[in-house]
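Letter by letter, the sequence shown follows residues 267 to 612 of the numbering used here.
For every residue, glycine included, the Cβ atom is placed at its ideal position computed from N, Cα and C.
Since the structure is predicted, the reported quantities are computational estimates derived from the model, not experimental observations.
Okay, so here's the structure we're looking at.
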Amino acid sequence: MKKVLVVGAFGYENNQLDGQTIKTRNVYALLKKKHNGKHSYIDTLSLRTKPWLGFLMLYKLVTCNTLVILPCLNNLTILFPIFFYMSKIFRFNIISICIGGWQIEYFLGSEKFGCHYKQMIMSKKIKAFLPEMIRVNHDLINQCGFTNTEVFPNFREFNRNSQIITNESGLRLVFMARVNKMKGYDVIFDSLKFIRDNCPNSSVVFYGGIAPEDKDDFLDKVESNKDIVSYKGLLAPEMVHETLKNYDVMLLPTKFYTEGFPGSILDAYISGIPVIVTEWKHSHEFVSDGNTGIIVPFENNQEDFNNAILNLYKDRHKLNLMKKAAYNEANKYSEDAAWNVIKKYL
């Protein structure tokens, strides 16, 4: 029986729930469900507080047949080269599953990332390097010379009930992601006066863990706007879709230009609600503007963001058509679609 080790940010120790930890957990659950083998994992978020896990990780590496790694920036820089050289000595395969859409800038160099030529050469020599996006996959092949890539979609296991179509007078707006300024919560707060004046009976609800550096600012803003805003903490993964389907529109005015496929958008689609997002690098790959959502400019976007909300407030027929489109879009990101990709490399 083949042994598969998954290394990534699971976040079990402090119950960290964000796009990275949820995807990592989903990949591990997919392997346990679909793959006939012996599976184990190492949570990289626990290595700092439990350094002895490093020795356990080394043992599992030398005894596994396949390593599946879901690396963040630091792990691709520091841990991945170690894994690569060990794979040559102990003869195990490596499958690297990307999180986010920053790989081209990371490999070729940018003002933010610098150049990581060594990691690029190593990544080209492993069993599979699986990006989230079609565009990144295309650039890896054409700009970097990769021959071992394939798009591995962000995915969810889901069983859906009928969606909720709204005819209420107000809009029920929701944000569900890591709560920090880079995810755009300040854009939402800056829209509140406009919403009060132009979209009566509407509300905004926030879900998600709060970044420590933004906690005071965010909670102060919630308290100052509690007539229209509420913060409801973290949603348990099993409650996400049953909760989100009670809203009308997901708001995600992200300021991360190299954002991948945000899990909150996928969760919105599964729940049957469209999205209003900024035009990050890969936005058009995942949001059909005017169909499954509305895309506003990446910068200087407050007026466009406000008007996007107003348009859906005024046009309930359009809103319900977009809800149906979002609901149907989720079928592209099923568990089976993901399994059909990764099973070829195990």
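According to DSSP, is Thr413 helix, strand or coil?
Coil.
Mind reading off the beta-carbon distance from Gly475 to Gln282? Whole number of angstroms is fine, and I expect it under 8 Å.
Their Cβ separation, rounded to whole angstroms, is 7 Å, which keeps Gly475 and Gln282 in contact under 8 Å.
So, is Pro540 buried or exposed, given that buried needs 16 or more other C-beta atoms within 10 angstroms?
So Pro540 ends up on the buried side.
For Gly303 and Met352, which I take to be in contact (beta-carbon distance under 8 Å), what is that distance rounded to the nearest angstrom?
20 Å between Cβ atoms; not a contact.
With a floor of 4 residues, list each alpha helix (DSSP H) that falls wholly inside the stretch 514-591, ordered by position along the chain.
Correct list: 529-537, 549-552, 568-580.
Taking buried to mean at least 16 other C-beta atoms within 10 Å of its own C-beta, is Gly320 buried or exposed?
Counting Cβ neighbours within 10 Å, Gly320 comes out exposed, since fewer than 16 surround it.
My assumption, with CB atoms under 8 Å, is that Val445 sits in contact with Ala477. Please give the rounded CB distance.
Indeed they touch by this definition, with Cβ atoms about 6 Å apart.
For the putative contact between Leu297 and Val272, defined by C-beta atoms under 8 Å, what is the C-beta separation to the nearest angstrom?
The pair is a contact, with the Cβ atoms about 7 Å apart (cut-off 8 Å).
Would the stretch 483-491 count as touching the stretch 529-538 if we require 3 or more Cβ pairs under 8 Å?
Contact between the stretch 483-491 and the stretch 529-538 is absent, because fewer than three Cβ pairs lie under 8 Å.
In angstroms with no decimal places, state the Cα-to-Cα distance between Ser600 and Glu504.
When only Cα atoms are considered, Ser600 and Glu504 end up about 16 Å apart.
Rounded to whole angstroms, how far is the Cβ of Ile348 from the Cβ of Gly274, which I believe are closer than 8 Å?
The beta-carbon separation of Ile348 and Gly274, rounded to 15 Å, does not stay under the 8 Å limit for a contact.
Status (buried if at least 16 other CB within 10 Å, exposed otherwise) for Glu246
Here the chain has residues from 267 to 612 only, and residue 246 is not among them.
Give me the Cβ distance between Phe424 and Ile536, rounded to the nearest whole Å; I'm assuming they're in contact under 8 Å.
Contact flag correct, Cβ pair sits at about 5 Å.
Does DSSP put Arg401 in a helix, a strand or coil?
Helix, per DSSP.
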